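Student: Here you go, one structure.
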Amino acid sequence: MARYHVSATVNGDEVDFLCEPEQTLLDVLRDELHLTGTKEGCASGDCGACSVMLDGRLVCSCLVMGAEAGDCSIETIEGMAEGERLHPLQQKFLDYAALQCGYCTPGLLVAAKALLERSPDPTEIETRYWLAGNLCRCTGYDKIIRAVLDTAAEMRGE
Amino acid sequence: MRYEAPETMEAAVALLASDDNARVLAGGTDLLVQLRADTIDPSLVVDVKKIDAMRTVTAEDGGFRVGAAVTGAELGEHEEFKSVWPGVVEALELIGSTQIQSRATMGGNLCNASPAADSVPAMIAAGAIATIEGPNGSRDIPVEDVATGPGRTSLRKGELVASFLFPEQAPRTGDAYLRFIPRTEMDIAVVGAGVCLTLDESGLCTAARVSLGAVAALALVPDEAADALMGTSVDEAALARLSEVASAAAKPIDDKRGTKEFRIQVTGVMARRAAEIALARAKGK
Ligand code: FES
Ligand code: FES
Numbered sequence: 001m002a003r004y005h006v007s008a009t010v011n012g013d014e015v016d017f018l019c020e021p022e023q024t025l026l027d028v029l030r031d032e033l034h035l036t037g038t039k040e041g042c043a044s045g046d047c048g049a050c051s052v053m054l055d056g057r058l059v060c061s062c063l064v065m066g067a068e069a070g071d072c073s074i075e076t077i078e079g080m081a082e083g084e085r086l087h088p089l090q091q092k093f094l095d096y097a098a099l100q101c102g103y104c105t106p107g108l109l110v111a112a113k114a115l116l117e118r119s120p121d122p123t124e125i126e127t128r129y130w131l132a133g134n135l136c137r138c139t140g141y142d143k144i145i146r147a148v149l150d151t152a153a154e155m156r157g158e
Numbered sequence: 159m160r161y162e163a164p165e166t167m168e169a170a171v172a173l174l175a176s177d178d179n180a181r182v183l184a185g186g187t188d189l190l191v192q193l194r195a196d197t198i199d200p201s202l203v204v205d206v207k208k209i210d211a212m213r214t215v216t217a218e219d220g221g222f223r224v225g226a227a228v229t230g231a232e233l234g235e236h237e238e239f240k241s242v243w244p245g246v247v248e249a250l251e252l253i254g255s256t257q258i259q260s261r262a263t264m265g266g267n268l269c270n271a272s273p274a275a276d277s278v279p280a281m282i283a284a285g286a287i288a289t290i291e292g293p294n295g296s297r298d299i300p301v302e303d304v305a306t307g308p309g310r311t312s313l314r315k316g317e318l319v320a321s322f323l324f325p326e327q328a329p330r331t332g333d334a335y336l337r338f339i340p341r342t343e344m345d346i347a348v349v350g351a352g353v354c355l356t357l358d359e360s361g362l363c364t365a366a367r368v369s370l371g372a373v374a375a376l377a378l379v380p381d382e383a384a385d386a387l388m389g390t391s392v393d394e395a396a397l398a399r400l401s402e403v404a405s406a407a408a409k410p411i412d413d414k415r416g417t418k419e420f421r422i423q424v425t426g427v428m429a430r431r432a433a434e435i436a437l438a439r440a441k442g443k
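Structure below.
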């Protein structure tokens, strides 16, 4: 079977991997690069657990072929904290108990970070719509939304 | 399965023509789902996102040419296009989540040929032309002539939809798209309606196009719906007539998302409300 040699940047590091055309970017991240923070919930673009940034855009990595990632820049949950220092969103998710089983959390954090980068002062409605592609079966979303809005306020220095 | 990402249209066409079981990959939001579900088993996937002309929006003869692989997010950020064709942008942006918007394309939405595709009635109402590239060069056809049935298109071997031409808009033209879904977003249209209309200086409708989605195997373009608006000031009587003929044109099926009766009724309501928005936009221009 044909294997493709792909070079990409993942969380700022140059990486090379071999992948089969059947492998999604999610498969590659988890199985080839052993970055297992990104989760598979549905593998059909419905749940957002596999959210990553691809060339600055929030995508479902289960809907991207691994072979498509050539020369792309990918950011995953593993790149969010700086060493031991959590990203403000990560800290607020803890403070607000915005997770229970945690399966949706990496995807939600990546998606919320993308929101705050383009909209530092989002409304609650904007936040809910932006995160509508990230399903959570545990929390009921409210704590997540409050954690994101409070992070936004903190990052704006309020 | 082989993956290829050609950088030119010619190379893409040659690849597609070389394999009877080839598939075009644009945003992948339908294709990867179908691959995973084993509903398709292509021997070749041709990724068209490296072809510049398929990724850009350019001015052409007073209108716009939109590459078939331009994403919903990209078109939504194109202020100029959005100010001229807000209905088209709204329709495209209704598809899926933020994540899906980063990838989903109008070309893919059209060629996936779902009867419920949101961007298709809006493109049809706008009078958009699909430019198709193939082994025998390029040809232009109205968007409504691309899909021929659920999951089927009129594209011949080796052909792909390369771009859409949105022709120059007449003054006082407004477009709108509305769909009905039982929740606020992230769902598949139960009924969709796209309307584009033009007013003369006295406020009479001189051109109209109405397209209905999710109520037949194909997006419908009922002439009688457009005729209901033509020559009127799009007043209450015209809107009531539009609603009536749009409902009459709908040929929906019963499924878990809506019964036939419900869809027929809602078709009239959606067409009317879309026309009201298009009217307000036409007056504002
Ligand atoms: S695993 Fe990708 S959206 Fe659910
Ligand atoms: S915390 Fe369990 S799915 Fe969100």
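So the sequences go chain by chain: A and B. Residue numbering for the first sequence follows the working numbering, starting at 1 and increasing by one per position. Residue numbering for the second sequence follows the working numbering, starting at 159 and increasing by one per position. Beta carbons are placed, not taken as given, at the ideal position from N, Cα and C, and that holds for glycine. Since the structure is predicted, the reported quantities are computational estimates derived from the model, not experimental observations.
1. So for residue 331 of chain B, helix, strand or coil by DSSP?
2. Is residue 380 of chain B helix, strand or coil by DSSP?
3. According to the Cβ coordinates, are residue 131 of chain A and residue 149 of chain A closer than 8 angstroms?
4. For the beta strand (DSSP E) containing residue 123 of chain B, name the first residue and the last one.
5. Would you call the stretch 286 to 293 of chain B and the stretch 315 to 323 of chain B in contact, with 3 or more CB pairs under 8 angstroms?
6. Per DSSP, which residues does residue 75 of chain A bridge with? Please list them.
7. Within 10 Å of its beta-carbon, does residue 441 of chain B have 16 or more other beta-carbons around it, so buried, or fewer, so exposed?
8. Tell me the residue span of the alpha helix (DSSP H) that contains residue 105 of chain A.
9. Residues around ligand 2, please: the condition is that the C-beta lies closer than 5 angstroms to some non-hydrogen atom of it.
10. Would you say residue 57 of chain A faces chain B, with C-beta separation under 8 angstroms as the test?
11. In terms of alpha-carbon separation, which member of A/135, A/140 and A/10 lies closest to residue 69 of chain A?
12. Give the straight-line distance between the Cα atoms of residue 312 of chain B and residue 279 of chain B, rounded to the nearest whole angstrom.
13. Determine, for residue 101 of chain A, whether the minimum Cβ-Cβ distance to residues of chain B falls below 8 angstroms.
14. Candidates B/287, B/253, B/258 and B/296: which alpha carbon is nearest residue 277 of chain B's?
15. Since residue 351 of chain B and residue 436 of chain B are thought to touch, with beta carbons under 8 angstroms apart, how far apart are those beta carbons, to the nearest angstrom?
16. What do you reckon, is the C-beta of residue 177 of chain B under 7 angstroms from a heavy atom of ligand 1?
17. List the residues of chain B that residue 68 of chain A touches, going by C-beta distances under 9 angstroms, in chain order.
18. Can residue 186 of chain B be considered in contact with ligand 1, in the sense that its beta carbon sits closer than 7 angstroms to one or more heavy atoms?
19. What residues in its chain sit with their C-beta under 6 angstroms from that of residue 353 of chain B, if we drop five residues either side in the sequence?
20. Measuring only between beta-carbons, confirm whether residue 260 of chain B sits less than 8 angstroms from chain A.
21. Can you have a look at residue 46 of chain A and say buried or exposed, based on whether 16 or more other CB atoms are within 10 angstroms of its CB?
22. Give a yes or no on whether the minimum CB-CB distance between residue 254 of chain B and chain A is below 8 angstroms.
Tutor: This is what the structure gives:
1. strand
2. coil
3. no
4. The question about residue 123 of chain B has no answer here: the residues shown for chain B are numbered 159 through 443.
5. yes
6. A/53
7. exposed
8. 105 to 118
9. A/99, A/100, A/101, A/103, A/104, A/136, A/137 and A/138
10. yes
11. A/10
12. 17 angstroms
13. no
14. B/253
15. Rounded, the Cβ-Cβ distance is 10 angstroms, inconsistent with contact.
16. no
17. 161, 163, 183, 186, 205 and 207
18. no
19. 283, 334, 368, 432, 433 and 436
20. yes
21. buried
22. yes
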